[in-house]
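Each step along the sequence shown adds one to the number in the working numbering, with nothing skipped, and position 64 is 316.
All C-beta atoms in this analysis are idealised placements derived from N, C-alpha and C, irrespective of residue type, glycine included.
These numbers were taken from a predicted model, which means no experiment stands behind them.
Working notes, beginning with the structure itself.
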Amino acid sequence: MDSKVVKSVGRVLRVLELFEKHQTPLSATQICNSLDLPKSSANALLKSLVQLGYLSIDGPTKNYFPTLSLTKLGDWLPGAMFGSGEILNVLEELHRQTQETVTLSMPNGLNMQFITVIRGTFPISLHIHEGFLAPLFGTGVGIAQLSTRTDKEIAELAKLANRGVGAKTSVDLVKIMTYVNEARANGFAEAYNRTSPETGAVAMPLPAGIYNRSLVIAVGGPWERIKKREAQIVRIMRRTLRGFK
Numbered sequence: 253m254d255s256k257v258v259k260s261v262g263r264v265l266r267v268l269e270l271f272e273k274h275q276t277p278l279s280a281t282q283i284c285n286s287l288d289l290p291k292s293s294a295n296a297l298l299k300s301l302v303q304l305g306y307l308s309i310d311g312p313t314k315n316y317f318p319t320l321s322l323t324k325l326g327d328w329l330p331g332a333m334f335g336s337g338e339i340l341n342v343l344e345e346l347h348r349q350t351q352e353t354v355t356l357s358m359p360n361g362l363n364m365q366f367i368t369v370i371r372g373t374f375p376i377s378l379h380i381h382e383g384f385l386a387p388l389f390g391t392g393v394g395i396a397q398l399s400t401r402t403d404k405e406i407a408e409l410a411k412l413a414n415r416g417v418g419a420k421t422s423v424d425l426v427k428i429m430t431y432v433n434e435a436r437a438n439g440f441a442e443a444y445n446r447t448s449p450e451t452g453a454v455a456m457p458l459p460a461g462i463y464n465r466s467l468v469i470a471v472g473g474p475w476e477r478i479k480k481r482e483a484q485i486v487r488i489m490r491r492t493l494r495g496f497k
């Protein structure tokens with residue numbers, strides 16, 4: 253666990269993520285063993301979550317299971333983040349038409365975080381797990397997101413990214429702005445073999461939600477295949493996204 257994360261907070265979220273992974277009732281012993289938690293700490297944490305109404309406990313089996321109160325914490329997020337469009341339907345339609353890996357990502361600090369991933373159906377497809385962080389600078393999804401910002405905002409972010417880094421890893425603002433201006437002109441960003449070897453992606457920003465943090469949708473896979481299909485993928489994305497508002 254990251255040393256900057258408060259231990260108790262990290263444990264709560266790891267417990268909830270464990271339920272998301274297994275999607276079945278779990279005993280305190282199973283939770284302790286899976287997360288390598290001290291039994292006393294786990295029991296206190298689970299008891300607190302039950303008292304708060306976020307977990308339920310079955311009397312006979314002593315197994316724990318999340319309650320619907322958890323869903324209420326975030327059921328407002330799709331509307332806030334995605335606007336009024338049926339974005340999940342858009343992702344599924346893109347996946348159906350391209351058969352490539354389709355992702356939805358959002359800015360998180362100096363990174364882009366993948367919040368939804370539908371893996372491609374080809375035998376060799378791009379594999380990214382939800383929650384993965386990719387650099388804001390240099391990646392296709394990052395450039396697509398930067399294209400929605402002002403030049404001044406981009407310069408400030410680049411300055412922040414360059415604090416405390418060496419020359420070899422510093423952000424080249426001139427090069428980045430070349431990519432950004434191309435994305436603005438074309439309406440999409442493409443990236444091949446930049447940060448992940450042998451991979452490529454075509455990315456487009458979505459309309460900003462109420463927090464004005466533009467989300468990015470992307471289609472990715474082996475770079476040669478994506479490069480060869482780029483024009484086709486762009487047409488599919490534009491056609492599919494046309495109704496998203």
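query: How would you call Ala332, buried or exposed, if buried means at least 16 neighbouring beta carbons within 10 angstroms?
result: exposed
Give the straight-line distance between the Cα atoms of Thr451 and Thr353, rounded to the nearest whole angstrom. 11 Å
Query raised in the report: Count the other CB atoms within 10 Å of the CB of Leu385; is the residue buried (16 or more) or exposed (fewer)?
Result: exposed
Q | Residue nearest to Arg490 in terms of C-alpha spacing, selected from Asn438, Trp475 and Pro474 | A | Asn438
(request) Could you check the C-alpha separation between Asn295 and Thr313 for me, to the nearest Å? (result) 15 Å
(Q) Using 8 Å as the threshold, is the C-beta distance between Gly372 and Ala443 below it? (A) no
Item checked: Reference Asn363; option with closest CA among Thr319, Ala396 and Gln275 -> Ala396
query = When burial is assigned at 16 or more other CB atoms within 10 Å of the CB, is Phe389 buried or exposed?
reply = buried
Pull up the CB-CB distance for Thr350 and Ile469, whole angstroms please, since I reckon it's below 8 Å. About 12 Å; that fails the 8 Å criterion.
Notebook entry, point to check: Counting Cβ pairs closer than 8 Å, one from the region 420-430 and one from the region 365-383, do we hit at least three?
Noted result: no
Tell me whether the beta-carbon of Leu287 lies closer than 8 Å to the beta-carbon of Leu301. no
* **beta strand (DSSP E) segments (min. 3 residues) lying fully within the region 401-488** => 441-444, 451-457 and 468-474
Exercise for review: Return the first residue and the last residue of the beta strand (DSSP E) that Gln275 is part of.
Suggested key: That residue, Gln275, is in no beta strand (DSSP E); it is neither H nor E in DSSP.
Look up Ile339 in the DSSP assignment and say whether it is helix, strand or coil. helix
Exercise. Sort Pro359, Thr402 and Leu398 by Cα distance to Gly383 and report the nearest one.
Key: Pro359
- Task: Look up Pro387 in the DSSP assignment and say whether it is helix, strand or coil.
- Result: strand
message: Just to confirm my understanding: we take Ile498, look at its own chain, exclude 5 residues before and 5 after, and list those with CB closer than 8 Å. What are they?
response: Because the chain spans 253 through 497 in this model, residue 498 falls outside it and cannot be assessed.
task = Starting from the C-beta of Ser321, find all residues in its chain whose C-beta is less than 6 Å away, skip the five residues before and the five after it, and write them out in chain order.
result = Gly305 and Tyr306
I need the DSSP call for Pro375, collapsed to helix, strand or coil.
coil
* To do: Using only alpha-carbon positions, find the residue among Leu340, Gly472 and Val267 that is nearest to Phe374.
  => Gly472
Provide the residue span of the alpha helix (DSSP H) that contains Ile283, from first to last.
Ala280 to Leu287
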